[in-house]
Amino acid sequence: MSDADRPTDDVSIDDDDQDDAFEPIQVFPEGGETDLRPGADDCYKCSTCDTNCPVAEVDDEFPGPKFQGPEQWRLKRQEDHDIDESVMKCSNCMRCDSACPSSVPLSQMHNTARGEYVEERMDKLSREYVRNRILANYRRLAPLAAAFPRTTNVVMGLSATQWLGEKVLGITSQREFPEFATETFREWWAKRGGNATSKKRAREARVASDATHPSDHASGTSSREQTERGGAKVENPDKRVAYFHGCYSNYNTPEVAKALVRVYEHFGYEILVPDQHCSGTPMFANGMLADARRSAETNVRELGAALEEGADIVASCSSCSMSLRQEYPELFDIAGIEDVAANTWDAVEYLRVHEDLERALEGTSVGDEFDDFAYHAPCHARNQGLDGQTVELLERIDGVEAHDVGDSCSGISGTYGWKAENYETSMKIGSEMFEHMNDADAAQGLTECPTCSMQMEHGTGYEITHTLEVLAAALVGPDAEARAQ
Amino acid sequence: MAIEDDVLVVGGGLAGATAALAAARGDVRVRLISHRQSTLRHASGLIDVLGYAPTGEGPLADPFSAIPDLPDGHPYERVGLEAVREALELFDAVAGDAYDGAHTDANALVPTHGGTVKPTARYPTATAPGLASADGDALLVGFETLPDFDAPLAAAHLEAAGVPFDARGVTVRFPGIGRDDAKITRYAHLLDRDEVVETAAGETGARAALAETVRPHLGDEPRVGFPAILGDERAADVRRDLADRLGVDVFEVPMGPPSLPGMRLEDLLYDAVADAGVRVTTGVPVVDYETDAAETGAAGPERIERVIVDRNGSAIPHRAEQYVLATGGLVGKGVQSDRERVHEPIFDCHVPHPADRYDWFVDDVFGDQPYARFGVPVDRALRPLDADDAPEFANLHAAGAVLGGYDFAAEKSGGGVSLATGYVAGRRAAEECQ
Ligand SMILES: Cc1cc2nc3c(=O)[nH]c(=O)nc-3n(C[C@H](O)[C@H](O)[C@H](O)COP(=O)(O)OP(=O)(O)OC[C@H]3O[C@@H](n4cnc5c(N)ncnc54)[C@H](O)[C@@H]3O)c2cc1C
Ligand code: SF4
Ligand code: SF4
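Quick note, the sequences are listed as chains G and Y, same order.
Quick note on our numbering: the first sequence kicks off at 1 and runs consecutively.
Quick note on our numbering: the second sequence kicks off at 1 and runs consecutively.
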């Protein structure tokens, strides 16, 4: 396929907001019987899940995952029981999922129960519902804020705004709203020439790599290693990934998204940036299943199309990849959803498996840009088996190290810690992480989840970086983009 | 491209963690992959080596003198007495002053939450002041909201079991706990963080409030036992604080699942594993393997080339020179049974069992259950054996509850077997890396 054949990516920021305009007080439209709870009978009441729940550990009012999942389900089947409102106290960290020795799909049960609770029991005119709907649909408001980032940042930072937020909407005034970037990632991507430029860059990188590292393909490596390691650089000229950047790295931290672009192009990948909605994570956590479904439909369609063009899907946010890979197929039945789930990867893990990322990092350095980090593995990375990855990779880079601050949950869990009623719980959960961060031999933080990063910064005052930014600094250098232009 | 290491341990329970630690002592790169959480979270945190002989004789005063008499095929017989001792040394180094019992070969008798006494080789320091052999009457304190420990009943059982001291039990309300089904982690967190709680006397820290609740019930007893919920990260501080406030020794009575001492032990092990430089991946299962069969033909046992980790549908290849299988027994899902057969799900290692399903168990639930011994048979290097007693693979070792030939629940040997076989499997795996 030539460049001319390639469909140009539509980078306008509000294109997909036109078809179904956001209306916060709209009554939960879709629904019907939600009965997505296979596996309840596998629970043998060992309570392992309960001992892993960070909310139950600090909040006496939360009955825990065993109750929210299998027990509530049994109750409901036996008598005419409504979903208990305590399900709204679950933060959707999904820790209970990986705890259960019997593979009971706890978070799927919680998501379903929350959906049913919101649909059937929540007053659609209540402050809580409106607030939750707004928090869950951050993606819908972000384009507005991003259009006037400076104004938004000032207004959101005003104490009057924060006071109003707390009084009117129940959004805690303790937190500072995340800043909006003056240029979104998609704006940057469009200015840079979109997918066509990426294709060109990737090709240049492949040529450059073959010229500077001919030894990759020569002696010293066995023939098997050769095909496995250096081989891909020349044998597959069509290395292609579709990037699911999610909302946060588009509107708030485009530097993370740009780092991904640099690292992938360095390895000779052509990057597609398909149209996309929110991954749905905040909607699941707020029981807004119909909203989540609409987003999922767009994402599955657009990402599915990229799959057909031979791209694999990569995400830089661990909650986004979790959502696409686990929650989508658990909750929705959309054509192609299994395919999208099975071909979605964490962006760093993808490179570890498809390239020799460790060897590429061996002996690199990041200069003065970064020092040692206090690293927190987000729950949603942990659940995907990615808990040790960042520490392992940074070991290869000279002069930086990531000190793991332990396995406690950060406590913010997306929109959870933004709600005034959860703020205290959220900080209690996070206290262990804050202490470990303060004890670690590092004054900067590192994580792959945007909301964990907010919480880390809020609790310690540390500046927080994303693993991809460190990898970009090591592999490409800090201002490669400037040099290349 | 696969993720590459020298030794890959599959399973993160006591056996897998020990194997990783032992392997990491060699000059090799070790990775541990564990799917779900291990049975340590259910276990009492006690390390039993051998409490009863397979014939039922016991409680045994000295487990080590009984080990040489174990039948052929028993995991201890496979690794030998010396390895059991070395494994315990490794454990003692990891546990440091969090555990007691290394000073003697004799089993200690630990009172349990049911009021029985259990022979064990290593026990948490928090348990030590409560040993049945220690002097002094004991007050046991239970909580209204924690029905798993009925202190008056446990005390009565202890006396009936003939302990050489008087035991008395009381039930009180735990200050700061409202709900009947609060999680044990909730109790531990309150005490760990000494959170402010509401009491009749106003607001105080949870530790002071608990001490004040217990004080009026304390007679002349020089020691007080609580269910094992006294803190998690700062358990030692909590216990010391309570002891100071009450002016007596404070101990914990090990509880049934889920168990904080088990979780604390898990933390100790994982800290040691991290310090040893082992790379850890959790939350994803190993589901399949590939061998070099195509290259080498049929001569000798096959080598495992790589294993496949399932990450929500994506297959992530992991390659190593040597592999350790430590996936647990029927509880850990390392051995599975269906109506047709009993099998080991990753490598399909041979698991001997009667062809007729009705021979897998006996009618008496407390009888000698054949299924309790189901597991993988191994040679003395702990390599799984096929039906013809030949190694299944050249580079696979097995350890822990996945092994057959012993009944950990009846023998009280679970922790010891996991340690000893994990130690030997890990050490051999490291030695055999070319
Ligand atoms: C309720 C209970 C109480 C006990 N009490 C005591 C006691 O008081 N004293 C004592 O000494 N012993 C006790 N034991 C026994 C002891 O805990 C076990 O015998 C021993 O710890 C087994 O350890 P293991 O590492 O072999 O297996 P497990 O602890 O079962 O660990 C197996 C691990 O492998 C993982 N795994 C399984 N399949 C895969 C896969 N495909 N890929 C990746 N990972 C996988 C599992 O998720 C798990 O983490 C008790 C056991 C139970 C169940
Ligand atoms: S998802 Fe997290 S907060 Fe919710 S029940 Fe499970 S462990 Fe608890
Ligand atoms: S961990 Fe699984 S089996 Fe155990 S109580 Fe929770 S849901 Fe039930």
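Note that beta-carbon positions come from the ideal geometry of N, C-alpha and C, so glycine has one too.
Remember, it's a predicted structure, so these values are computed and weren't measured experimentally.
Checklist line | Residue range of the alpha helix (DSSP H) that includes T467 (chain G) | finding: Your numbering for residue 467 (chain G) matches position 467 in the first sequence. That run of the alpha helix (DSSP H) goes T467 to L475.
Checklist line | Straight-line gap, P352 (chain Y) to Y52 (chain Y) (C-alpha atoms, nearest Å) | finding: Residue mapping note: residue 352 (chain Y) aligns to position 352 of the second sequence, counting from 1. Residue mapping note: residue 52 (chain Y) aligns to position 52 of the second sequence, counting from 1. Spanning the two alpha carbons is a distance of roughly 24 Å.
Next item on the list: Go to T39 (chain Y), then tell me how far its alpha helix (DSSP H) extends in each direction, as first and last residue.
Entry: The residue you call residue 39 (chain Y) lines up with position 39 of the second sequence. Segment: none, T39 (chain Y) is in no alpha helix (DSSP H) and carries neither H nor E.
Note to self: Please report the distance separating the alpha-carbon of L8 (chain Y) from that of A320 (chain Y).
What the structure shows: If you number the second sequence from 1, residue 8 (chain Y) lands on position 8. If you number the second sequence from 1, residue 320 (chain Y) lands on position 320. Their backbone Cα atoms lie some 6 Å apart in a straight line.
Check: Quick check: the segment 73 to 88 of chain G against the segment 293 to 308 of chain G, are there 3 or more CB pairs under 8 Å?
Finding: no
Next item on the list: Can you tell me the Cβ-Cβ gap for T120 (chain Y) and D48 (chain Y), rounded? I've got them flagged as a contact below 8 Å.
Entry: Indexing the second sequence from 1 puts residue 120 (chain Y) at position 120. Indexing the second sequence from 1 puts residue 48 (chain Y) at position 48. About 5 Å; that satisfies the 8 Å criterion.
Margin query: Do G142 (chain Y) and P111 (chain Y) have their beta-carbon atoms positioned less than 9 Å apart in this structure?
Written below: Here the question's residue 111 (chain Y) lines up with position 111 in the second sequence. Here the question's residue 142 (chain Y) lines up with position 142 in the second sequence. Not a contact, by the Cβ cut-off of 9 Å.
Margin query: Distance cutoff 9 Å, beta carbons only. Does I177 (chain Y) sit that close to anything in chain G?
Written below: Mapped onto the second sequence, residue 177 (chain Y) falls at position 177. It does; some Cβ of chain G falls within 9 Å.
Notebook entry, point to check: Secondary structure at D6 (chain Y), three-state DSSP: helix, strand or coil?
Noted result: Residue mapping note: residue 6 (chain Y) aligns to position 6 of the second sequence, counting from 1. Correct three-state label for D6 (chain Y): coil.
Next item on the list: Classify G414 (chain Y) as helix, strand or coil using the three-state DSSP reduction.
Entry: Looking up residue 414 (chain Y) in the second sequence gives position 414. Looking at G414 (chain Y) - three-state DSSP - the assignment turns out to be helix.
Note to self: Using only the alpha-carbon positions, how far apart do I397 (chain G) and D368 (chain G) sit?
What the structure shows: The residue given as residue 397 (chain G) occupies position 397 in the first sequence. The residue given as residue 368 (chain G) occupies position 368 in the first sequence. Their Cα atoms are separated by approximately 13 Å.
Next item on the list: Could you check how far apart the C-beta atoms of P59 (chain Y) and P71 (chain Y) are, in whole angstroms? I think they sit under 8 Å.
Entry: Sequence index remark: in the second sequence, residue 59 (chain Y) carries index 59 (1-based). Sequence index remark: in the second sequence, residue 71 (chain Y) carries index 71 (1-based). Their Cβ separation, rounded to whole angstroms, is 19 Å, which puts P59 (chain Y) and P71 (chain Y) out of contact at 8 Å.
Item checked: Best match in Y:A272, Y:R239 and Y:V28 for proximity to A95 (chain Y) [C-alpha to C-alpha] -> Position 95 of the second sequence, counted from the start, is the residue given in the question as residue 95 (chain Y). Minimum Cα distance to A95 (chain Y) is reached at Y:A272.
Notebook entry, point to check: With which residues is F251 (chain Y) paired in a DSSP beta bridge?
Noted result: Your numbering for residue 251 (chain Y) matches position 251 in the second sequence. F251 (chain Y) is bridged to Y:G225.
Next item on the list: Could you please give me the residues that DSSP links to G202 (chain Y) through a beta bridge?
Entry: The count along the second sequence starts at 1 and reaches residue 202 (chain Y) at position 202. Looking at the DSSP assignment, G202 (chain Y) forms a beta bridge with Y:T199.
Note to self: For ligand 2, I want to know if R95 (chain G) counts as a neighbour, meaning its beta carbon is within less than 8 Å of at least one of the ligand's heavy atoms.
What the structure shows: Start at 1 with the first residue of the first sequence, and residue 95 (chain G) comes out as number 95. Under cutoff, so the answer is yes.
Checklist line | C-alpha gap between A211 (chain Y) and T199 (chain Y), whole angstroms | finding: Residue 211 (chain Y) sits at position 211 when you count from the first residue of the second sequence. Residue 199 (chain Y) sits at position 199 when you count from the first residue of the second sequence. Approximately 12 Å, taken between the alpha carbons.
Notebook entry, point to check: Where DSSP assigns a beta bridge to G446 (chain G), which residues make up the other side?
Noted result: Indexing the first sequence from 1 puts residue 446 (chain G) at position 446. The residue asked about is misnamed: residue 446 (chain G) is Leu in this sequence, not Gly. Answer by DSSP bridge pairing, in chain order: G:Y375 and G:T465.
Check: Under 9 Å, do T525 (chain G) and F244 (chain G) count as touching if we go by C-beta distance?
Finding: Beyond the ends of chain G as shown, which are 1 and 485, falls residue 525 (chain G); an answer cannot be given.
Checklist line | Distance between beta carbons of A360 (chain G) and H403 (chain G), contact taken as under 8 Å | finding: Taking the first sequence and counting its residues from 1, one reaches residue 403 (chain G) at position 403. Taking the first sequence and counting its residues from 1, one reaches residue 360 (chain G) at position 360. H403 (chain G) to A360 (chain G), Cβ: 23 Å. No contact.
Next item on the list: Assuming E302 (chain Y) contacts F393 (chain Y) (C-beta within less than 8 Å), just tell me the rounded distance between them.
Entry: The residue given as residue 302 (chain Y) occupies position 302 in the second sequence. The residue given as residue 393 (chain Y) occupies position 393 in the second sequence. Right, their Cβ atoms sit about 6 Å apart.
Notebook entry, point to check: Within the structure, which residues are defined as neighbours of ligand 3 by a Cβ-heavy atom distance below 7 Å, reported in chain order?
Noted result: G:D42, G:C43, G:Y44, G:K45, G:C46, G:S47, G:T48, G:C49, G:D50, G:P65, G:K66, G:G69, G:P70, G:C96, G:A99, G:C100, G:P101, G:S102, G:V104 and G:L106
Next item on the list: Scan the segment 381 to 401 of chain G for residues whose Cβ lies nearer than 7 Å to a Cβ of chain Y and list them as they occur along the chain.
Entry: R382, N383, Q384, G385, D387, G388 and E392
Item checked: Three-pair Cβ contact test at 8 Å for the segment 245 to 254 of chain Y versus the segment 61 to 72 of chain G -> no
Notebook entry, point to check: Would A508 (chain G) count as contacting chain Y if we go by Cβ distances under 9 Å?
Noted result: The requested residue 508 (chain G) is not part of the displayed model; chain G covers only 1 to 485.
Checklist line | Neighbour-count burial assignment, L125 (chain G), 16 or more Cβ in a 10 Å radius | finding: For the purposes of this step, residue 125 (chain G) is taken as the residue at position 125 of the first sequence. Flag for L125 (chain G) reads exposed.
Notebook entry, point to check: In chain G, which residues lie with their C-beta within 9 Å of the C-beta of P59 (chain Y)?
Noted result: Translated into the one-based positions of the second sequence, residue 59 (chain Y) becomes position 59. Those do not exist, as P59 (chain Y) stays about 27 Å from chain G at its closest Cβ, beyond 9 Å.
Check: What residue does the alpha helix (DSSP H) around E270 (chain G) start on, and which one ends it?
Finding: For the purposes of this step, residue 270 (chain G) is identified with residue 270 of the first sequence, where counting begins at 1. Run containing E270 (chain G): none in the alpha helix (DSSP H); it sits in the beta strand (DSSP E), E270 to L272.
Next item on the list: Kindly indicate if chain G contains any beta-carbon less than 9 Å away from that of T282 (chain Y).
Entry: For the purposes of this step, residue 282 (chain Y) is identified with residue 282 of the second sequence, where counting begins at 1. So yes, T282 (chain Y) belongs to the interface.
Check: Using a threshold of 8 Å, is the CB atom of F91 (chain Y) nearer than that to any non-hydrogen atom of ligand 1?
Finding: Position 91 of the second sequence, counting from 1, holds the residue named residue 91 (chain Y). No, Cβ of F91 (chain Y) sits at least 8 Å from all heavy atoms of ligand 1.
Next item on the list: Using a threshold of 9 Å, state whether the C-beta atoms of L324 (chain G) and S279 (chain G) are closer than that.
Entry: Counting from 1 along the first sequence, the entry for residue 324 (chain G) is found at position 324. Counting from 1 along the first sequence, the entry for residue 279 (chain G) is found at position 279. Going by C-beta atoms, L324 (chain G) is nearer than 9 Å to S279 (chain G).
Next item on the list: Could you tell me if E266 (chain Y) is buried or exposed, where buried requires 16 or more neighbouring beta carbons within 10 angstroms of its beta carbon?
Entry: Here the question's residue 266 (chain Y) lines up with position 266 in the second sequence. With 16 or more Cβ atoms within 10 Å of its Cβ, E266 (chain Y) is classed as buried.
Margin query: Which residue marks the beginning of the alpha helix (DSSP H) containing R186 (chain Y), and which one marks its end?
Written below: The sequence position of residue 186 (chain Y) within the second sequence is 186, counting from 1. Where R186 (chain Y) is concerned, the enclosing alpha helix (DSSP H) stretches over I184 to D192.
Margin query: Given the structure, does R373 (chain Y) come close to ligand 1, in the sense that its CB is under 8 Å from one of the ligand's heavy atoms?
Written below: Translated into positions along the second sequence, residue 373 (chain Y) becomes position 373. No, Cβ of R373 (chain Y) sits at least 8 Å from all heavy atoms of ligand 1.
Next item on the list: Give a yes or no on whether the minimum CB-CB distance between R311 (chain Y) and chain G is below 9 Å.
Entry: Locating residue 311 (chain Y) in the second sequence gives position 311, counting from the first residue. True, the Cβ-Cβ gap to chain G drops below 9 Å.
Next item on the list: Measure the Cβ-Cβ separation of I412 (chain G) and Q444 (chain G) and say whether it is below 9 Å.
Entry: As a position in the first sequence, residue 412 (chain G) is number 412, starting the count at 1. As a position in the first sequence, residue 444 (chain G) is number 444, starting the count at 1. Contact flag unset, no.
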